[in-house]
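Asks: The structure's right below; bear with me while I get my questions together.
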Amino acid sequence: MYKCSADNKVGKDQKLIYFYVTTIPEGFSVELGPSEEPLEQEEVSLSCIADNYTYEQLTWYRLDPQVTAHLVQTGPTGNSS
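First residue of the sequence shown? That's 7 in the working numbering, and the numbers climb one at a time after it.
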């Protein structure tokens, strides 16, 4: 957090600015492994990576056009294979 203050004979004013430095672009990303283009029947790993200052809860949902989306995993970190 940083604060900028300015004052003169009429008064005083200040502004606070909050920012966080993260190694995660945009503070949020999803990775697919081991390949970005998996083949049918190949095992994959999905990783949801989020900056803990920006996002508190990660939730995975499996979307299936035949059924309503259902919860896969919720938590501060989560992987689904």
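In this text, a Cβ means the ideal position worked out from N, Cα and C, and glycines have one as well.
Since the model is a prediction, treat every value here as computed from it, not as a measurement.
Taking buried to mean at least 16 other C-beta atoms within 10 Å of its own C-beta, is Ala56 buried or exposed?
Replies: buried
Asks: If you draw a straight line from the alpha carbon of Lys9 to that of Gln63, how long is it in whole angstroms?
Replies: Here the alpha carbons of Gln63 and Lys9 stand approximately 29 angstroms from one another.
Asks: Suppose the cutoff is 8 angstroms on Cβ atoms and the five residues either side in sequence are ignored; what does the same chain contact list for Ala12 look like?
Replies: Lys18, Asp19 and Gln20
Asks: Going straight from the alpha carbon of Phe25 to that of Tyr61, what length do you get?
Replies: 14 angstroms
Asks: Between Met7, Cys54 and Glu43, which has its C-alpha nearest Glu37's C-alpha?
Replies: Cys54
Asks: Curious, which full-length beta strand (DSSP E) runs of at least 3 residues does the region 7 to 76 contain?
Replies: 8 to 13, 18 to 23, 34 to 39, 51 to 56 and 64 to 70
Asks: Between Leu22, Thr29 and Glu48, which lies nearest to Gly39 when the distance is taken from Cα to Cα?
Replies: The residue with the shortest Cα to Cα distance from Gly39 is Glu48.
Asks: On a Cα-Cα basis, can you pick out the residue from Asn58, Leu22 and Met7 that is closest to Ser35?
Replies: Out of Asn58, Leu22 and Met7, Asn58 has the C-alpha closest to the C-alpha of Ser35.
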